[in-house]
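Enquirer: Numbering (the working numbering), first residue to last: 63 to 170.
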Amino acid sequence: MFAGFLNAKGRMVAEVILHRVAEDAFFLDLHQAVIPRITKYLKLTKLRRKVEIVDASDTYRVWAIMGPNQSAELKPLEDDFREIPAGVLTRDPRFAGLGYRLISSTSK
Numbered sequence: 063m064f065a066g067f068l069n070a071k072g073r074m075v076a077e078v079i080l081h082r083v084a085e086d087a088f089f090l091d092l093h094q095a096v097i098p099r100i101t102k103y104l105k106l107t108k109l110r111r112k113v114e115i116v117d118a119s120d121t122y123r124v125w126a127i128m129g130p131n132q133s134a135e136l137k138p139l140e141d142d143f144r145e146i147p148a149g150v151l152t153r154d155p156r157f158a159g160l161g162y163r164l165i166s167s168t169s170k
């Protein structure tokens, strides 16, 4: 899902793509420059909920897969969400021409 974080005046702070990776777990795919600000905001607004918010940018990388044949080559893997050995593969929700997003672990 494509979404955004707004400030109190309604101005855009960050764009985010949410990837549901389990019943109770999500990856937030956002620009590296806003990670500290959004992490701090989420920790402040979670109140007393039992939610763990961590910066996993050292553990995972995001890859954009685009090109003239990307749709045909990745069609067998396509689902709304697909867990594959390399990580998580989803179609970019912003625009079909942007291809796919792959979140993969940095470990070998």
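The C-beta atom is built at its ideal place from N, Cα and C for all residues, glycine as well. No experiment lies behind these values; they were computed from the predicted model shown.
Just confirm the distance between the C-beta atoms of Val150 and Phe89, as a whole number of angstroms; I'd bet it's less than 8 Å.
Expert: With a Cβ gap of about 7 Å, Val150 and Phe89 count as contacting.
Enquirer: Between Tyr162 and Arg153, which are expected to be in contact by the criterion C-beta below 8 Å, what is the C-beta distance as a whole number of angstroms?
Expert: Right, their Cβ atoms sit about 6 Å apart.
Enquirer: Determine the extent of the alpha helix (DSSP H) in which Leu109 is found, giving its start and end residues.
Expert: No alpha helix (DSSP H) holds Leu109; DSSP gives it neither H nor E.
Enquirer: Start and end of the beta strand (DSSP E) containing Leu121?
Expert: Looking at the sequence provided, one finds Thr at residue 121 rather than Leu. It is not in any beta strand (DSSP E) - Thr121 carries neither H nor E in the DSSP assignment.
Enquirer: Helix, strand or coil: how does DSSP classify Arg163 here?
Expert: Strand, per DSSP.
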